[in-house]
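Let me begin by presenting the structure, written as C-alpha cells, before commenting on it.
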Amino acid sequence: MRRLPVYLLLDNSFSMKGEPIEALKEGVQLLTSTLRQDPYALETVCVSIIIFNTKAEQITPLTDLVAFQMPDIKADGVTALGEAMSLLARRVEQEVIKTTHEKKGDWKPLIFIMTDGAPTDDWKAGFNELQKIKKAMVISCAAGEGARIDVLKEISDVVVELKKADSETIKKFFKWISASVGTTSKKVDLTKKDISSFNELPPPPPEISVVP
Amino acid sequence: MNNLAAAKTTDGLVVEYVEEIIASGGMKDVYFTPDKKYVVAIFRDQSSRDALLERVEMISGRYRENIFEKEAGDYWEPLFRWPLKTLISHDDKVGILVPLYQDHFFFSYGSINGDFLNIKGREKEGKWFASPANRYKYLDKREHGDWSSYLKISIVLSRAVRRLHAAGLAHSDLSYKNVLIDPVNGNACIIDIDGLVVPGKYPPDVVGTPDFIAPEVITTSHLERDDPGRKLPSIYTDRHALSVLIYMYLLLRHPLRGDKVHDVDDPQKDEELSMGEKAIFVEHPHDSSNRIKIEYVKKSELPWKDTNNLPYTITGPYLKELFDKAFIDGLHNPAKRPTADEWEQALIKTVDLIQPCWNPGCDQKWYVFDNTKKPACPFCKTPYRGKLPMLNLYSCHTGQKFLSDNHRLMVYTEQSLFRWHINRRIIPNERLSMENRKRVGYFIFHNNSWLLVNENIPELYDCINKKAVPVGKTLLLEEGSQLLFSREPGGRLAFVQMIENRT
Numbered sequence: 570m571r572r573l574p575v576y577l578l579l580d581n582s583f584s585m586k587g588e589p590i591e592a593l594k595e596g597v598q599l600l601t602s603t604l605r606q607d608p609y610a611l612e613t614v615c616v617s618i619i620i621f622n623t624k625a626e627q628i629t630p631l632t633d634l635v636a637f638q639m640p641d642i643k644a645d646g647v648t649a650l651g652e653a654m655s656l657l658a659r660r661v662e663q664e665v666i667k668t669t670h671e672k673k674g675d676w677k678p679l680i681f682i683m684t685d686g687a688p689t690d691d692w693k694a695g696f697n698e699l700q701k702i703k704k705a706m707v708i709s710c711a712a713g714e715g716a717r718i719d720v721l722k723e724i725s726d727v728v729v730e731l732k733k734a735d736s737e738t739i740k741k742f743f744k745w746i747s748a749s750v751g752t753t754s755k756k757v758d759l760t761k762k763d764i765s766s767f768n769e770l771p772p773p774p775p776e777i778s779v780v781p
Numbered sequence: 002m003n004n005l006a007a008a009k010t011t012d013g014l015v016v017e018y019v020e021e022i023i024a025s026g027g028m029k030d031v032y033f034t035p036d037k038k039y040v041v042a043i044f045r046d047q048s049s050r051d052a053l054l055e056r057v058e059m060i061s062g063r064y065r066e067n068i069f070e071k072e073a074g075d076y077w078e079p080l081f082r083w084p085l086k087t088l089i090s091h092d093d094k095v096g097i098l099v100p101l102y103q104d105h106f107f108f109s110y111g112s113i114n115g116d117f118l119n120i121k122g123r124e125k126e127g128k129w130f131a132s133p134a135n136r137y138k139y140l141d142k143r144e145h146g147d148w149s150s151y152l153k154i155s156i157v158l159s160r161a162v163r164r165l166h167a168a169g170l171a172h173s174d175l176s177y178k179n180v181l182i183d184p185v186n187g188n189a190c191i192i193d194i195d196g197l198v199v200p201g202k203y204p205p206d207v208v209g210t211p212d213f214i215a216p217e218v219i220t221t222s223h224l225e226r227d228d229p230g231r232k233l234p235s236i237y238t239d240r241h242a243l244s245v246l247i248y249m250y251l252l253l254r255h256p257l258r259g260d261k262v263h264d265v266d267d268p269q270k271d272e273e274l275s276m277g278e279k280a281i282f283v284e285h286p287h288d289s290s291n292r293i294k295i296e297y298v299k300k301s302e303l304p305w306k307d308t309n310n311l312p313y314t315i316t317g318p319y320l321k322e323l324f325d326k327a328f329i330d331g332l333h334n335p336a337k338r339p340t341a342d343e344w345e346q347a348l349i350k351t352v353d354l355i356q357p358c359w360n361p362g363c364d365q366k367w368y369v370f371d372n373t374k375k376p377a378c379p380f381c382k383t384p385y386r387g388k389l390p391m392l393n394l395y396s397c398h399t400g401q402k403f404l405s406d407n408h409r410l411m412v413y414t415e416q417s418l419f420r421w422h423i424n425r426r427i428i429p430n431e432r433l434s435m436e437n438r439k440r441v442g443y444f445i446f447h448n449n450s451w452l453l454v455n456e457n458i459p460e461l462y463d464c465i466n467k468k469a470v471p472v473g474k475t476l477l478l479e480e481g482s483q484l485l486f487s488r489e490p491g492g493r494l495a496f497v498q499m500i501e502n503r504t
C-alpha cells in the first residue's frame, strides 16, 4: 500500500522563541492526533520533522502516525533554509519508496515549510537539490512579517501567509494542513494542475491567506 | 462561547445554529443547531446559486416526499440522513437542515488501549471497518461485529440504494465516508444526500471519492464536463461503488487494488490507470496480473489480503456470481453491473447459507457453508462437525410443476423459518407486513435428530410419509425428506439433504 509521506520543515530560529515555538509544537501535536482519527490517514500518512536554525536537523525520521512521538523543539540561532532543503532532498531520496516495475512505491511527498524570517544561507543551493527530486508538492507558510514571500514563492507550489504568528493562528494552520491531507470527494471540474496525491486544498480559514 | 447565527428555511421558519464549523466536507461547512439534534450545512460554492437552490429544494421537498411519505415511508427514515429543509443563511447562502446521525453511529468504545486514538464518540465512518488493520488492530473488540453483521449491513445498504434508484435518483458519491455503518447492531445509513443526481436534470458536482469512482469516470475525467465522451456519476456508477463497498466490508480488501504497476514514474498516473482504463479485478480468474502479492502484505493485513486463503468464493455462490458481474463482466461495461436489487436478493439468500462456527474464539462467528469441499470455517479453519440438514427450495409455477428456486437453507439450532421461506411470492423487504415478519417454525437438534417445530405452517405436509404435520407438532428431517410448506400460489416444497462430517 502506498504511503503518503508528509515532511514538516519548521523554522526554530531565535525569533520563534516564546509563544510561536510553543504554538508550533502544539500545532504538530494537533496535526498528528487529528490525522490519527482519520482512518484513511491512519493507514497511509507518515510524518517527518526537519527543524532548521543555524543548522538543519531531521529530528523525526519518516514515521507512521501510530509510532509518532512529539520531539522537543527549542528556538535559537538563525535561518538556514537552504541547508534544510538540501537535507530534505537527501532524506526524501532515502526514505520515500520509489515505484519499480514489480512494486508500487509511496505517493509523492507533501512538504510543508513554515518560517518567520529571511533565509540566512544560500537558499538557492538547497533549492536546486530539492528540485532534483522534484516530485513533491511544497506548501510554504510565512509566519509573520519577517518571512521572505518572494523566496517562498520561488520554492513552493502554494504560499500562505499567517496574519499573526500567535498560537491561535498557528494552530489553525496545522488544522488546515490536516484537512488537506485527508480524503474527500473529488469535484467534477478539477483544476488539472497536479497537486500530488492528495486533494485540492480546502479553503483556508480567514486567519490564513493564500498569496496569489 | 460561539455566537448563534440564524438561517431561514424556504418555507419561512427560523433555524438557529452555532457559528463554529464542526466539519468541512468537499462541498459544505457544517454547524450544529444549539440542541445538537440537527446540523446546518452551508454550501461553500454559491457560484451557481439558482441551480443549487432549485436542486436542494427538490431534494428536501418533492424527492423527500416521494420516498418518506409513501407506503413504508417510515421504514426508510433510519436508512438515510435526508435533508429536511432548504435554508438561506443570514448572508444569503444556500444550505440545508439535516437530522444528526443516530446514537449507534457513534463509537461507544472507540479504539484499543483505553481509546488511544481518541475516537470514542466520533462517527463510525465505514473506512474504520473496511481494512484489516483499522478493524482488527486499532478498534476495540466491542466495536467489531461479526461476519453476519457485515452481511446485514450490506443488505440494508443495497436496499437503500435500490430505493434511490427506483426513484430515478443516483447518489453519485457512495463511499465509506458517505455511508455510516454500525456493525454492533447491523445498521447502515446513507448520508450526504444533497449531491443527488437526477439524470438529465441535475448534473453531479463531484465525480466521487477515490476507491469508489467507476473506471469510465476516471478514464474520461480529463475531458470537459460537456464533452459528449465524458462519463459522469449516474445510477451505473453507483452500482460500481455499491459492489466495491460490499466486497470491502465482507473481505476487507479493495477489489481493484492489486500490485500491478502501470506507471513507474508517477504514482498519480499509476493510480488513474489502475482505477480507470486498466482496472483489473485482483481475483480475475484468467488474468492474474493484478493479484495482491503476499510478500508485500503486512502481518496485520492477514489473512484478508491473501486471496488464496480467503478467495471471494467464500461469500457463497449467489454473491460470487454478482462479484463476477461487477468486477469482471461489468467493470468496463456499466450495463452489465449488478443492480442494487440483485445485491439485496443475493445477500438475503446468502443469509440462509450461513452457519455458526464451532470455535467459540472465532472472530467472525458465522460463515457460508460450502459442502463442495470439506466444510470448515474459512476464517479460523475449524471444521464443521456433525449432521446438518440442507433444505433445497422448490416452488410451484404454472399449475402443478415444482421448479428449483436456486435457493437453499442451511439449518442450525434454533434457526427460524419465516413466511418468505415457505412462499416464493413473499419477499423480505420494507413492504413485509408485521404478520409476515413473525417466524412460522424453527429447527432443533434433539436426541441426535433434526426436527422442524411447526409453529404456524397450517399446511405443512410430509410428502414421503404422506401425512400432515399440524401446528404445534414436529417433523423429523431425514435424507430425502420432502416437505410441502404451502399449497398457495408460490408455495414451496423442500427437499432435504443430510450432510455429515465425522472428523
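These protein sequence lines are chains A and B, in that order.
Using this note's numbering, you'd call the opening residue of the first sequence number 570 and step up by one each time.
Using this note's numbering, you'd call the opening residue of the second sequence number 2 and step up by one each time.
Cβ atoms here follow ideal geometry from the backbone N, Cα and C, with glycine treated the same way.
{"Query": "Within the 8 Å Cβ cut-off, does S778 (chain A) reach chain B?", "Result": "no"}
{"Query": "For a contact meaning CB atoms closer than 8 Å, what does E126 (chain B) contact in chain A?", "Result": "P608"}
{"Query": "With DSSP as the reference, identify every bridge partner of V126 (chain B), one or two as the case may be.", "Result": "Note that residue 126 (chain B) is Glu in the sequence shown, not Val. Per DSSP, B:L181."}
{"Query": "Could you confirm whether any beta carbon from chain A is found closer than 8 Å to the beta carbon of L118 (chain B)?", "Result": "yes"}
{"Query": "Just the C-alpha distance for G62 (chain B) and I68 (chain B), rounded to the nearest angstrom, thanks.", "Result": "10 Å"}
{"Query": "Can you find a CB in chain A that lies within less than 8 Å of the CB of Y313 (chain B)?", "Result": "no"}
{"Query": "From L759 (chain A) to E345 (chain B), what distance separates their C-alpha atoms?", "Result": "Any reading at L759 (chain A) must be qualified, since the residue scores a pLDDT of 49, below 50, and its modelled position is unreliable; the value itself is stated next. Distance between the alpha carbons of L759 (chain A) and E345 (chain B) is about 34 Å."}
{"Query": "Look at the alpha carbon of L152 (chain B) and the alpha carbon of P608 (chain A), and state the distance between them as a whole number of angstroms.", "Result": "22 Å"}
{"Query": "Roughly how many whole angstroms lie between the Cα atoms of F324 (chain B) and T308 (chain B)?", "Result": "14 Å"}
{"Query": "If V95 (chain B) sits next to V57 (chain B), beta carbons under 8 Å apart, how far is it from one beta carbon to the other, in whole angstroms?", "Result": "6 Å"}
{"Query": "Looking at F107 (chain B): is its Cβ nearer than 8 Å to the Cβ of E144 (chain B)?", "Result": "no"}
{"Query": "So, using beta-carbon positions, are L547 (chain B) and V157 (chain B) closer together than 8 Å?", "Result": "As shown, chain B starts at 2 and ends at 504. That puts residue 547 (chain B) outside it, with no answer to give."}
{"Query": "Here's a check: name, in chain order, each residue in its chain whose Cβ is nearer than 6 Å to the Cβ of P335 (chain B), leaving out the five neighbours to either side.", "Result": "Y237"}
{"Query": "Would you call the stretch 370-388 of chain B in contact with the stretch 460-478 of chain B, where contact means no fewer than 3 C-beta pairs closer than 8 Å?", "Result": "no"}
{"Query": "Which residues, in order along the stretch 650-680 of chain A, keep a beta-carbon less than 9 Å from a beta-carbon of chain C?", "Result": "Among the protein chains of the structure shown, namely A and B, there is no chain C."}
{"Query": "For a quick check, are the C-beta atoms of M411 (chain B) and L354 (chain B) less than 8 Å apart?", "Result": "yes"}
{"Query": "Looking at the strands, I want to know which residues DSSP matches up with S709 (chain A).", "Result": "A:I682, A:V728"}
{"Query": "Assign L311 (chain B) to buried or exposed, taking buried as 16 or more other Cβ atoms, counted over all protein chains shown, within 10 Å of its Cβ.", "Result": "buried"}
{"Query": "Could you tell me whether any Cβ in chain A is nearer than 8 Å to the Cβ of P268 (chain B)?", "Result": "yes"}
{"Query": "Please report the straight-line C-alpha distance between L629 (chain A) and Q598 (chain A), rounded to a whole angstrom.", "Result": "Note that residue 629 (chain A) is Thr in the sequence shown, not Leu. Computed Cα separation, rounded: 13 Å."}
{"Query": "Could you give the distance in angstroms between the alpha-carbon of L770 (chain A) and the alpha-carbon of K306 (chain B)?", "Result": "32 Å"}
{"Query": "Who are the near neighbours of L118 (chain B) in its chain, counting only those whose CB is closer than 8 Å to its CB and skipping five residues on each side?", "Result": "G111, S112, Y139"}
{"Query": "With a cut-off of 8 Å, does the C-beta of T760 (chain A) fall near any C-beta of chain B?", "Result": "With a pLDDT of only 41 at T760 (chain A), under the threshold of 50, the placement of this residue in the model should not be trusted; the figure read from the coordinates follows. Output row for T760 (chain A): interface = no."}
{"Query": "Are the beta-carbon atoms belonging to E652 (chain A) and A610 (chain A) less than 8 Å from one another?", "Result": "no"}
{"Query": "Taking a contact to mean a Cβ-Cβ separation below 8 Å, would you say L578 (chain A) touches S747 (chain A) in this structure?", "Result": "no"}
{"Query": "Using 8 Å as the threshold, is the C-beta distance between S290 (chain B) and K270 (chain B) below it?", "Result": "no"}
{"Query": "Can you tell me whether DSSP reads A592 (chain A) as helix, strand or coil?", "Result": "helix"}
{"Query": "If we ignore side chains and look at the alpha-carbon of each, how far apart do K388 (chain B) and A377 (chain B) end up?", "Result": "13 Å"}
{"Query": "How many angstroms separate the CA atom of C358 (chain B) from the CA atom of E501 (chain B)?", "Result": "16 Å"}
{"Query": "Could you give the uninterrupted runs of the beta strand (DSSP E) lying entirely in the stretch 330-390 of chain B, keeping only those of 3 residues or more?", "Result": "355-357, 367-369"}
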